[in-house]
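Engineer: Below is the structure I would like to discuss, written out as structure tokens.
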Amino acid sequence: MTTNLQDLRRRGAYYLVGTPRRKLANFERELLKGDWQEIAGKPEVRVQLLSEGAETFVLARSLQRAKKESAMLRSQLTPFTALWAL
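With this note's numbering, you'll find the sequence shown wraps up at 86, consecutive numbering, no jumps.
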């Protein structure tokens, strides 16, 4: 049985696939070593590229995403902070 990615590779298509955070740990050290590149017209967005064989891994960071993740974490912790206040 072939996968969608195998079909794309066979056709020579370009594609972008999101990687779950738990799998990012396999590449994180290498990704964080290099120089960050800014995206033209988006100075708040930076990317890091890592080529491994025919694959290129991209780590993107943005100020907006960092703010969103911080807000999500705060909302998850709110019930616990109420308990600590007791």
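Ideal Cβ positions, reconstructed from N, Cα and C, are used throughout, including at glycine.
Relative to the C-alpha of F27, which residue among E44, T56 and N4 is closest?
Structural biologist: Taking only the C-alpha atoms, the option nearest F27 is T56.
Engineer: Determine the contact status of L16 and L59, defining contact as a CB-CB distance below 9 Å.
Structural biologist: Contact flag unset, no.
Engineer: Figure out for me which residue from T3, Y14 and Q48 has the closest Cα to the Cα of L24.
Structural biologist: The option with the nearest alpha carbon to L24 is Q48.
Engineer: Note down the Cα distance separating R21 from A71, rounded to an integer number of angstroms.
Structural biologist: So the alpha carbons of these two residues sit roughly 18 Å apart.
Engineer: Under 9 Å, do Q64 and E44 count as touching if we go by C-beta distance?
Structural biologist: A contact, by the Cβ cut-off of 9 Å.
Engineer: Along the alpha helix (DSSP H) that carries A25, what are the first and last residues, could you check?
Structural biologist: It spans R21 to K33 - the alpha helix (DSSP H) in which A25 sits, taken as one unbroken run.
Engineer: Determine the DSSP secondary structure at T81, reduced to helix, strand or coil.
Structural biologist: Note: T81 maps to helix in three-state DSSP.
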